[in-house]
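Participant: Take the sequence shown: its position 52, counting from 1, is numbered 53 in the working numbering, and each next residue is one higher. Input: one structure, supplied below.
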Amino acid sequence: MGASVRIVIARHSCNGYVRRDALALSSRATLRAPRLIVPSENNSNVAPSARRLFDDSSLISTVQRYRPYICPFAELIEQVPTGSEVLDIGCGAGLYLGLLAAQGRIRGGIGFDASLPAIAAAKTMSEKVAPIRLDFRHLGVDQEWPGGTFDVVSLVDVMHHVPIPVRRDVTRLAAERVRPGGLFIYKDMVRRPLWRAVANRAHDLVVARQWISYEPVEAVEAQCRAIGLELVHRQDINMLWYGHELRVFRRPA
Ligand SMILES: C[S@@+](CC[C@H](N)C(=O)[O-])C[C@H]1O[C@@H](n2cnc3c(N)ncnc32)[C@H](O)[C@@H]1O
C-alpha cells in the first residue's frame, strides 16, 4: 500500500472548476476516507476556448459551448501530462481533445464515438487546432478500437450510456490501451446523492433520449486494481445539480 493518492476538494461555484487542496494520503487511508463533495469553482479559460472551437449555430456546437459549465473540463485537462498522445473513447464532438489541443497540452489524439453527427462536428473542429493532429472515427465501443497504446486513455461521461454487459470489456480494453507509465482518466456521474443522480437522468432523457444507468465507481476502481492499474487521483466535483466522479489510474512503468 505504498502508492499515494491525491484527494482533491473542489470549492464553490456553479460554472467552473476547482481550486484544489491536495492531500497526499496512503491509498489505504484514502480508500477509507469519507467522500468529499463540495461545489467547484471558476472556469475562466475553458468556456471561451470551447466557444472558439465550436463557433457555428448548429445544435451540436451549441451544446459543446455550454458543456464546460456543467462538466469539469479544467480538472480533466489538468490530469493530462504535457506532450501526451490521447485516446478518447466516446469522444462526442471532440471537446476534450479539442480543448487539450487548443492549450498545446497534447501532441495528438484519436477520438471515437458511436454518433456520426458528433464525429462530423469533431472533424470540422479539428481543423481549428492544426497542426496538432486529431483523428476522429465513427465507431462504437463494441467495434474494433484504434490500435496501439497511448499516454492517456480517457472515458468521460460515457460509461452510463454503455450497455451493462459490455462495461467491464470497455474498462479492460481502455486499460490495455494505456502505455506503461500512462494514465486512464475515468469520469462519470454520481449515483449518490439520489437527487443529483435523478437530475442527471432527467438531463440524459432529454438530451440523449436514453434512460441511463450508473456504473458504481467502486466497481471501476476494483476492476482497474485487479488489472494492475493504480489509483492515483480521485476527485468529486459538483457543478450546478450535476455530480461528477473523476478517477485517474496509472499503469506502472
Ligand atoms: C455525454 S456524451 C460525452 C461525450 C464526450 N466524452 C464529452 O465529454 O464531451 C456521451 C457520448 O458517448 C457516446 N456513446 C454512447 N454509447 C456509446 C457506444 N456504445 N460506443 C461509443 N460511443 C458511445 C455518445 O454518442 C456520446 O457522444
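Beta carbons: idealized from backbone N, C-alpha and C, even for Gly. Bear in mind the structure is a predicted one, so any value in this text is a computation, not a measurement.
Where does residue 216 sit, in a helix, a strand or coil, going by DSSP?
Facilitator: Residue state, collapsed to three classes: coil.
Participant: Suppose the cutoff is 6 Å on Cβ atoms and the five residues either side in sequence are ignored; what does the same chain contact list for residue 80 look like?
Facilitator: These residues qualify, in order along the chain: 186 and 249.
Participant: Alpha carbon to alpha carbon, how far is residue 167 from residue 55?
Facilitator: Taking the straight line joining both Cα atoms gives about 32 Å.
Participant: Please give me, in chain order, every unbroken run of the beta strand (DSSP E) with length at least 3 that falls completely inside the region 138-201.
Facilitator: Here the runs fully enclosed are 151-157 and 179-190.
Participant: Could you tell me if the beta carbon of residue 96 falls within a distance shorter than 7 Å of some heavy atom in ligand 1?
Facilitator: The answer is yes for residue 96.
Participant: Under three-state DSSP, which class holds residue 133?
Facilitator: Three-state result, residue 133: coil.
Participant: Spell out the partners DSSP gives residue 243 in its beta bridges.
Facilitator: Paired residue(s): 240.
Participant: Please state the DSSP three-state secondary structure of residue 316.
Facilitator: In the structure as shown, the chain starts at 2 and stops at 254, and residue 316 therefore has no counterpart that could be examined.
Participant: For the alpha helix (DSSP H) containing residue 99, name the first residue and the last one.
Facilitator: Unbroken alpha helix (DSSP H) run through residue 99: 96-103.
Participant: Any idea what DSSP makes of residue 230, helix, strand or coil?
Facilitator: In the structure shown, residue 230 sits in coil (DSSP, three-state: anything other than H, G, I, E or B).
Participant: When DSSP builds the beta bridges, which residues end up paired with residue 88?
Facilitator: For residue 88, which the question treats as bridged, DSSP gives the partners 111 and 154.
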